[in-house]
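Visitor: Got a structure here, written out as structure tokens. Questions coming.
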Amino acid sequence: MLSQYIISQVVNGLCQGFIYALIALGFAVIVGIVGLATFTHGEIIMIGAYASYYIFLACGHNLILGLLASFSASWIVGIIIYKLCYERFLEAPEHISLICTIGFSMLLKNLAQIVFGAEKKPMLNVIENQIYKFGPVEISKVQFVIMGTVIVLSTTMMIIFNKTKWGIALRSVSQNREAAALVGINVKQTSMIGNCIGCAMAGVAGMLIGIYYQSISPTMGATLSMKAFSAATLGGLTSVPLSSLGGVVLGLIENLGISISTASFRDVFSFGFLIIMLIFKPTGFVKRKGARP
Amino acid sequence: MAALLEAKGVSKIFGGLVAVDNVDMTVNKGDIFGIIGPNGAGKTTFFNICTGFYTPSQGAIYLEGQKISGLPCDQIAKKGIARTFQNIQLFKYMSVLDNVKIGFHINTRTNLFDAIVHSKTYKNDEKIIKEKGYAILEEVGLSKYADTMAGNLPYGVQRKVEIARALALEPKILLLDEPAAGMNPNETDSLMQFMLMLKEKGHTITVIEHDMKFVMNSCNHILVLNFGQKICEGTPDAVKNNEQVKEAYFGKGIIAARGTN
Amino acid sequence: MMDKLKGFYVKNKIPVWVVLMVLLVTMPLYVSAGNMRIVCRIMLYIILAGGLNVISGYCGQLCFGIAGFYCVGSYVQAILMKTYNVSYWLALLPSGIVAALIGAVVALPALRMKGIFLGMITIGFSELMRLIALNWTPVTGGAMGFKGIMAPTFFGIKMGGASKYYYIFLFVVIAYMFCTNRVIKSRVGRAWMSIREDELAARSLGVDAKKYKILNFMYGSFWAGIAGAIFVAYSTYVDSTYFTLDEGFNVLGMLIIGGQGTLVGPIVGSFVAQVLTESLRFINVWRYVVYAALIILMMWVRPQGLIGASGSILAGSKAGKKKTKKAEKIVKSEGKEA
Numbered sequence: 191m192l193s194q195y196i197i198s199q200v201v202n203g204l205c206q207g208f209i210y211a212l213i214a215l216g217f218a219v220i221v222g223i224v225g226l227a228t229f230t231h232g233e234i235i236m237i238g239a240y241a242s243y244y245i246f247l248a249c250g251h252n253l254i255l256g257l258l259a260s261f262s263a264s265w266i267v268g269i270i271i272y273k274l275c276y277e278r279f280l281e282a283p284e285h286i287s288l289i290c291t292i293g294f295s296m297l298l299k300n301l302a303q304i305v306f307g308a309e310k311k312p313m314l315n316v317i318e319n320q321i322y323k324f325g326p327v328e329i330s331k332v333q334f335v336i337m338g339t340v341i342v343l344s345t346t347m348m349i350i351f352n353k354t355k356w357g358i359a360l361r362s363v364s365q366n367r368e369a370a371a372l373v374g375i376n377v378k379q380t381s382m383i384g385n386c387i388g389c390a391m392a393g394v395a396g397m398l399i400g401i402y403y404q405s406i407s408p409t410m411g412a413t414l415s416m417k418a419f420s421a422a423t424l425g426g427l428t429s430v431p432l433s434s435l436g437g438v439v440l441g442l443i444e445n446l447g448i449s450i451s452t453a454s455f456r457d458v459f460s461f462g463f464l465i466i467m468l469i470f471k472p473t474g475f476v477k478r479k480g481a482r483p
Numbered sequence: 002m003a004a005l006l007e008a009k010g011v012s013k014i015f016g017g018l019v020a021v022d023n024v025d026m027t028v029n030k031g032d033i034f035g036i037i038g039p040n041g042a043g044k045t046t047f048f049n050i051c052t053g054f055y056t057p058s059q060g061a062i063y064l065e066g067q068k069i070s071g072l073p074c075d076q077i078a079k080k081g082i083a084r085t086f087q088n089i090q091l092f093k094y095m096s097v098l099d100n101v102k103i104g105f106h107i108n109t110r111t112n113l114f115d116a117i118v119h120s121k122t123y124k125n126d127e128k129i130i131k132e133k134g135y136a137i138l139e140e141v142g143l144s145k146y147a148d149t150m151a152g153n154l155p156y157g158v159q160r161k162v163e164i165a166r167a168l169a170l171e172p173k174i175l176l177l178d179e180p181a182a183g184m185n186p187n188e189t190d191s192l193m194q195f196m197l198m199l200k201e202k203g204h205t206i207t208v209i210e211h212d213m214k215f216v217m218n219s220c221n222h223i224l225v226l227n228f229g230q231k232i233c234e235g236t237p238d239a240v241k242n243n244e245q246v247k248e249a250y251f252g253k254g255i256i257a258a259r260g261t262n
Numbered sequence: 094m095m096d097k098l099k100g101f102y103v104k105n106k107i108p109v110w111v112v113l114m115v116l117l118v119t120m121p122l123y124v125s126a127g128n129m130r131i132v133c134r135i136m137l138y139i140i141l142a143g144g145l146n147v148i149s150g151y152c153g154q155l156c157f158g159i160a161g162f163y164c165v166g167s168y169v170q171a172i173l174m175k176t177y178n179v180s181y182w183l184a185l186l187p188s189g190i191v192a193a194l195i196g197a198v199v200a201l202p203a204l205r206m207k208g209i210f211l212g213m214i215t216i217g218f219s220e221l222m223r224l225i226a227l228n229w230t231p232v233t234g235g236a237m238g239f240k241g242i243m244a245p246t247f248f249g250i251k252m253g254g255a256s257k258y259y260y261i262f263l264f265v266v267i268a269y270m271f272c273t274n275r276v277i278k279s280r281v282g283r284a285w286m287s288i289r290e291d292e293l294a295a296r297s298l299g300v301d302a303k304k305y306k307i308l309n310f311m312y313g314s315f316w317a318g319i320a321g322a323i324f325v326a327y328s329t330y331v332d333s334t335y336f337t338l339d340e341g342f343n344v345l346g347m348l349i350i351g352g353q354g355t356l357v358g359p360i361v362g363s364f365v366a367q368v369l370t371e372s373l374r375f376i377n378v379w380r381y382v383v384y385a386a387l388i389i390l391m392m393w394v395r396p397q398g399l400i401g402a403s404g405s406i407l408a409g410s411k412a413g414k415k416k417t418k419k420a421e422k423i424v425k426s427e428g429k430e431a
């Protein structure tokens with residue numbers, strides 16, 4: 191009975207971890223390519239969730255349509271964020287753009303409360319309740335869909351990053367802006383695309399969270415973005431695979447943690463783990479390089 | 002002549018790269034000691050080892066016979082080694098006087114509570130800092146720039162501010178990393194006069210420099226590094242006539258060609 | 094205009110201070126009780142933003158977690174007063190000191206980190222403090238928090254209500270300004286600033302960066318703790334909802350608006366932010382949207398804040414920006430030639 195409970199917690203943790211991983215991965219892309227951190231991520235999650243919510247209302251339970259809606263909505267917000275918060279401050283001290291994103295996050299959050307209403311909205315039951323059994327492991331269809339979506343999206347992104355000309359331009363900008371400019375890459379546009387990709391990942395994650403918890407609200411993003419932020423920090427902030435690993439680990443730790451205590455301690459476990467991890471290994475999961483400092 | 006700064010068998014390895022390879026050095030009191038070598042010879046790395054920014058992979062550094070390698074760099078500064086940087090690292094957004102004032106950090110004692118209650122220590126310290134700070138600026142010839150923001154000054158002057166800041170530590174030995182880089186011949190000349198003047202006053206100086214004229218005319222002892230290894234050491238004349246040094250600077254071919262002529 | 098004001102101040106130092114003091118001390122006489130509440134809130138945020146200013150403005154350590162220290166100070170005061178019946182005045186200093194000790198604990202991992210990583214540690218810590226306050230029910234009262242925390246009496250006068258409690262706020266603000274002014278003009282303050290400008294160079298001059306960073310965090314969090322301690326008796330109750338991350342961002346926003354690394358910055362920032370949000374009340378829910386838009390506008394127009402000098406390290410340089418632009422231009426012109 192107990193082991194059954196632990197197994198189901200591991201499955202829940204993995205599923206949650208996959209969502210965190212998707213958000214953290216978007217975060218890592220933004221930090222890597224734009225070179226500046228963001229505090230608007232939580233609101234992007236919220237926008238993605240609402241976009242899919244309205245599409246589900248209008249067009250019925252079409253997962254693909256919802257995904258496209260949240261993807262494109264957050265992509266557009268990504269453009270706005272880039273123009274407002276980053277473009278001018280690419281070379282300025284990082285706190286300036288950080289404050290800008292904090293301001294924009296406040297703006298979006300309050301605007302959403304006015305436009306969408308401050309109360310929670312129940313998400314439609316897009317995926318029917320169905321449970322698959324693999325021996326002792328039980329996975330619901332929702333969890334299956336979520337993990338599948340995350341895996342497909344992140345592999346697509348890895349392929350784009352590593353195999354296409356576009357992805358190579360993105361990576362070159364993340365490594366050295368000046369050198370990229372010198373070989374004729376439009377640094378600004380490339381950074382903007384990077385930012386938009388990161389935002390779109392968060393937007394899709396927003397939809398998945400909405401489906402998973404079956405409720406959305408204007409303030410839903412705050413803790414989620416902090417979790418993703420923690421996950422990305424564990425992964426060294428700019429590494430996409432390690433940030434995803436960080437997300438999965440955090441999801442697992444949270445769910446295993448609350449299985450030995452109560453649900454209200456969920457965040458204590460994740461933030462506690464982050465702090466302890468960073469105290470003993472400031473670089474997170476990243477191996478220390480042997481190069482010259 | 003007592004040995005002030007000694008390096009014994011110092012090596013530094015970065016991954017697979019041997020940046021400094023088994024270098025010995027002895028700087029005597031009152032020397033102007035030059036370190037020269039082609040680009041990438043490991044001069045700055047060697048400096049960084051002496052000042053504690055890096056710990057040596059092998060060997061050790063001694064100041065007045067006391068081992069200092071392994072200590073953090075602020076401790077080494079307290080023991081009496083002051084340095085300047087190749088790519089000037091001034092506090093660019095602070096005034097020249099404030100830059101020098103920070104140099105007095107190790108020679109003053111004020112703590113948080115002294116500062117809040119304006120105790121005797123605080124008053125003494127501020128008095129000393131003010132007097133000596135102006136005196137140093139006067140000595141270096143920067144009095145007129147005292148209230149200018151350091152980052153707004155021309156390159157040559159910034160170098161001098163950095164030296165003034167290092168002098169405020171009242172160090173036993175002063176390490177200058179390419180002090181004449183980016184200076185015009187006039188500025189270089191006045192810098193050389195300034196260094197000689199410091200020597201007269203009893204300062205010990207170690208200097209990395211590319212400008213041969215500068216080194217040959219001011220230093221009394223020179224160490225030549227190439228690919229991290231010491232290839233020659235001695236007086237300027239001895240170094241000038243050393244075959245290995247010529248080879249390092251001009252390449253084997255040219256020397257050989259000249260030989261057949 | 095700033096220069097003229099400064100010139101006037103330098104010439105008439107004593108009269109200016111006397112007039113200012115008289116105006117401040119007599120404030121409850123000519124300001125309505127309702128507006129005194131706003132004044133008290135301004136004072137509270139001056140201390141919070143001031144504490145943060147020491148950490149991020151003077152020492153350049155990015156800190157988003159000031160709400161955590163604020164939380165610690167509040168709860169220590171509340172616990173001492175309610176659980177152990179310690180008098181208000183005696184509990185103040187311990188509240189600040191405990192916050193400072195927690196500050197030192199946060200600073201320890203922070204020593205090896207910079208910039209956004211450090212910011213992340215402070216965020217995690219701030220949330221942790223709030224969650225402990227929310228969940229450690231036997232000690233902190235859990236979600237209910239503490240209620241009925243009485244304002245103190247001072248020589249028989251009960252200091253309850255905004256018009257009277259104002260004097261406690263005023264005293265602490267003056268104490269903060271007095272101490273900080275002296276500290277930043279001393280060896281300690283110079284060491285902090287040298288770390289902000291260039292840590293490597295500071296260490297080469299014998300500044301013990303570790304020690305001074307810890308000291309810096311302790312000093313800043315001490316004042317945030319004191320702010321929390323006087324806040325609980327003012328609001329008479331406390332629970333964990335006051336200490337969200339948004340509160341930390343809010344304080345940081347005020348500091349940025351006023352100007353980091355200046356003594357007057359927190360005052361101006363807190364004043365502008367409170368007056369703005371109060372005077373925008375007539376547009377209801379939209380006022381936070383306007384406030385947020387103003388923060389962004391501020392970053393566009395004056396990133397160094399209202400008071401900050403344009404030549405400060407915090408204003409940002411445009412040199413690097415030009416470099417990239419130049420490189421792009423070279424490529425473009427070469428393309429044309431080809």
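Going down the list, the protein sequences come from chains A, B and C. Sequential numbering from 191 applies to the first sequence in my numbering. Sequential numbering from 2 applies to the second sequence in my numbering. Sequential numbering from 94 applies to the third sequence in my numbering. Here a beta-carbon is modelled for each residue, glycine too, at the ideal position from N, C-alpha and C.
I need the straight-line Cα distance from C:Q367 to C:I350, nearest angstrom please.
Guide: Spanning the two alpha carbons is a distance of roughly 12 Å.
Visitor: Does B:A147 come out as helix, strand or coil in the three-state DSSP assignment?
Guide: Coil, per DSSP.
Visitor: Applying the criterion that 16 or more other CB atoms from any shown protein chain within 10 Å of the CB defines a buried residue, is A:N366 buried or exposed?
Guide: Exposed is the call here.
Visitor: Mapping DSSP to helix, strand and coil, what is B:A181?
Guide: B:A181 falls in the coil class under three-state DSSP.
Visitor: List the residues that DSSP assigns as beta-bridge partners of A:P312.
Guide: According to DSSP, which records beta bridges pairwise, A:P312 is partnered with A:S405.
Visitor: Return yes when the Cβ of C:V165 is within less than 8 Å of the Cβ of C:F310, no when it is not.
Guide: Against a cut-off of 8 Å, the Cβ pair of C:V165 and C:F310 comes out as no contact.
Visitor: If you reduce the DSSP assignment to three classes, tell me which class C:K251 lands in.
Guide: Correct three-state label for C:K251: strand.
Visitor: Less than 8 Å between C-beta atoms, sequence neighbours within five positions excluded: which residues of the same chain meet that for B:S96?
Guide: Taken in chain order, the residues that qualify are A147, D148, T149, M150 and A151.
Visitor: What does a CB cutoff of less than 7 Å around A:S287 pick up in its chain, not counting 5 residues either side in sequence?
Guide: Excluding residues within five positions, the ones whose Cβ falls inside 7 Å are L226, C275, Y276 and F279.
Visitor: Which of the three DSSP states is assigned to C:G238 in this structure?
Guide: The answer is coil: DSSP assigns C:G238 none of H, G, I, E or B.
Visitor: Mind pulling the chain B residues with CB within less than 8 Å of C:C272?
Guide: Correct list: I117.
Visitor: Within the same chain, show all residues whose beta-carbon is closer than 7 Å to that of B:T111, passing over the 5 residues directly before and after it, in chain order.
Guide: Taken in chain order, the residues that qualify are T122, Y123 and D126.
Visitor: Measure the alpha-carbon distance for B:T27 versus B:L18 and round it to whole angstroms.
Guide: Cα to Cα, the separation comes out at about 25 Å.
Visitor: Which residues in chain B have a C-beta closer than 9 Å to the C-beta of C:Y163? List them in chain order.
Guide: Neighbours of C:Y163 on chain B: none; closest Cβ ~21 Å, over 9 Å.
Visitor: Going by DSSP, what residues sit across from B:F15 in a beta bridge?
Guide: DSSP lists B:L18 as partners of B:F15.
Visitor: Using 8 Å as the limit for Cβ to Cβ distance, is A:S282 near chain C?
Guide: One point to set straight first is that residue 282 of chain A is Ala, not Ser, in the sequence displayed. Chain C contact via Cβ: present.
Visitor: How far does the beta strand (DSSP E) with B:K231 in it reach, from first residue to last?
Guide: Residues Q230 to G235.
Visitor: Do C:G346 and C:G398 have their C-beta atoms within less than 8 Å of each other?
Guide: No, the Cβ-Cβ distance between C:G346 and C:G398 is not below 8 Å.
Visitor: Using three-state DSSP, classify B:N221 as helix, strand or coil.
Guide: Coil at B:N221, not helix or strand.
Visitor: From what residue to what residue does the alpha helix (DSSP H) around C:A385 run?
Guide: From DSSP, the alpha helix (DSSP H) with C:A385 extends over W379 to V394.
Visitor: Measuring CB atoms only, is the segment 130 to 140 of chain C touching the segment 293 to 311 of chain C, in the sense that at least three cross pairs come out at less than 8 Å?
Guide: No contact exists between the segment 130 to 140 of chain C and the segment 293 to 311 of chain C.
Visitor: Sort out for me which residues DSSP pairs B:G35 with in a bridge.
Guide: B:V208 and B:I223.
Visitor: Is the CB of B:A78 under 8 Å away from at least one CB in chain C?
Guide: True, the Cβ-Cβ gap to chain C drops below 8 Å.
Visitor: Pick from A:S451, A:R456, A:S429 and A:N319: whose alpha carbon is nearest that of A:Q404?
Guide: Per the Cα distances, A:N319.
Visitor: For the segment 288 to 300 of chain C, which residues have a beta carbon sitting closer than 8 Å to at least one beta carbon of chain B?
Guide: So the list reads E290, D291, L293, A294, A295, R296, S297, L298, G299 and V300, given in the order they occur along the chain.
Visitor: Kindly list the residues whose CB is nearer than 6 Å to the CB of A:A241, restricted to its own chain and excluding five residues on each side of it in sequence; keep chain order.
Guide: For A:A241, where only same-chain residues beyond five positions count, the Cβ hits under 6 Å are A259, S260 and A263.
Visitor: Whose CA, out of A:I341, A:F463, A:I349 and A:L314, lies closest to the CA of A:I213?
Guide: Selected option, being the one with the closest Cα: A:I341.
Visitor: Once DSSP output is grouped into helix, strand and coil, what is the label at C:N343?
Guide: Three-state result, C:N343: helix.
Visitor: Using only alpha-carbon positions, find the residue among C:V169, C:S314, C:T176 and C:I323 that is nearest to C:G158.
Guide: Of C:V169, C:S314, C:T176 and C:I323, the residue nearest in Cα terms is C:S314.
Visitor: Quick one: complete alpha helix (DSSP H) runs, 4+ long, within the segment 106 to 194 of chain C?
Guide: Whole alpha helix (DSSP H) segments, 4+ residues: 106 to 118, 120 to 123, 126 to 145 and 159 to 175.
Visitor: Can you round the beta-carbon distance between B:V246 and B:I232 to whole angstroms, since I take them to be within the 8 Å contact cut?
Guide: Confirmed, about 7 Å.
Visitor: So C:S279 contacts chain B; which residues on that side make the cut at Cβ distance below 7 Å?
Guide: Under the 7 Å cutoff, chain B gives T111, A116 and Y123.
Visitor: Going by beta-carbon coordinates alone, are B:F92 and C:E290 separated by less than 8 Å?
Guide: A contact, by the Cβ cut-off of 8 Å.
Visitor: Quick one: list the residues of chain B neighbouring C:A284, beta-carbon separation under 9 Å, in chain order.
Guide: Those are I103 and H106, listed as they occur along chain B.
Visitor: Would you verify that the beta carbon of C:F342 is, or is not, closer than 8 Å to some beta carbon of chain A?
Guide: It does; some Cβ of chain A falls within 8 Å.
Visitor: Excluding sequence positions up to five away, which residues of its chain have a Cβ less than 6 Å from the Cβ of A:F459?
Guide: The answer, listed in chain order, is I443, E444 and G447.
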